[in-house]
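Before any comments, here is the structure.
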Amino acid sequence: MTLTDAEQRFLSAQQLGRLATIGPGGAPQVKPVGFSYNDQFGTIDIAGYNMAQSAKYKNVQHNPAVAFVVDDRPDGGLEGTRFLEIRGVAEAVPGTGADAHPDADAPGLAMGTGIIRIHPRRVLSYNVDPTHSGLWARGLVGPGHVVSEGA
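Here it is in structure tokens:
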């Protein structure tokens with residue numbers, strides 16, 4: 019599932035997101051992470067120092083189901099809150115950020131070994147697209163079937 023232009027613009031203006039993975043015992047783990055949108059694959063790529071040794075990388079190898087959230091409040095008030103939640107399937111990609119991502123100069127992608135690559139399957143957004151205020155959801159509901167809905 020490809021992210022919309024508005025979703026991509028929102029992500030490009032952010033520097034930090036939160037990645038939720040599931041540990042081997044079934045417990046959730048949420049960590050703040052740097053990220054980049056990979057236009058070539060339509061994925062969210064997460065890199066960092068010694069990524070391949072991190073718990074989140076190992077969690078993805080054990081269970082690829084993830085959620086990734088980016089949010090902000092540009093005007094500082096609750097009414098201006100915006101967020102993008104991406105639920106999907108992640109893969110642990112070995113190698114350096116430069117090897118795994120076409121934009122080796124992207125912040126945080128040149129450090130360490132390996133990346134986590136998220137393939138979006140469901141996207142929830144709140145006030146991200148100026149033409150669609152409020153909560154919106156898009157996602158795969160069956161093989162190749164995409165549904166969009168306002169909440």
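Anchor point for the sequence shown: position 7 equals 25 in my numbering, and the numbering is continuous, going up by one each time. Where is the CB? At the ideal position from N, CA and C, for every residue including glycine.
| Query | Result |
| --- | --- |
| Identify the residues that DSSP records as bridge partners of N56: which are they? | T61 |
| Short of 8 Å in beta carbon distance, which residues of its chain neighbour R91, apart from the five on each side in sequence? Order them along the chain. | G98, T99 and R100 |
| What are the start and end residues of the alpha helix (DSSP H) that includes A24? | D23 to S30 |
| Shortest alpha-carbon distance to G106 belongs to which of Q32, L37, N68 and G152? | L37 |
| Along the beta strand (DSSP E) that carries H80, what are the first and last residues, could you check? | Segment A73 to H80 is the alpha helix (DSSP H) holding H80; no beta strand (DSSP E) there. |
| With distance defined between alpha-carbon atoms, name the residue in M69, A85 and I134 nearest to A47. | The residue asked about is misnamed: residue 47 is Gln in this sequence, not Ala. Cα-wise, what sits closest to Q47 is A85. |
| Could you tell me whether the Cβ atoms of F28 and V141 are closer together than 7 Å? | no |
| What does the alpha-carbon distance come out to for the pair G44 and K74? | 13 Å |
| Quick check on G152: buried or exposed, where buried means 16 or more other Cβ atoms within 10 Å of its Cβ? | exposed |
| Does the Cβ of S30 have 16 or more other Cβ atoms within 10 Å, making it buried, or fewer, making it exposed? | exposed |
| In or out: E25 buried (at least 16 other Cβ within 10 Å) or exposed? | buried |
| Going along the chain, which residues of its own chain have a beta-carbon closer than 8 Å to the beta-carbon of P148, five neighbours each way excluded? | A24 |
| Based on DSSP bridge pairs, tell me the residues matched to G94. | G94 is not bridged to any residue. |
| In angstroms, rounded to a whole number, what distance separates the CA positions of T39 and A83? | 7 Å |
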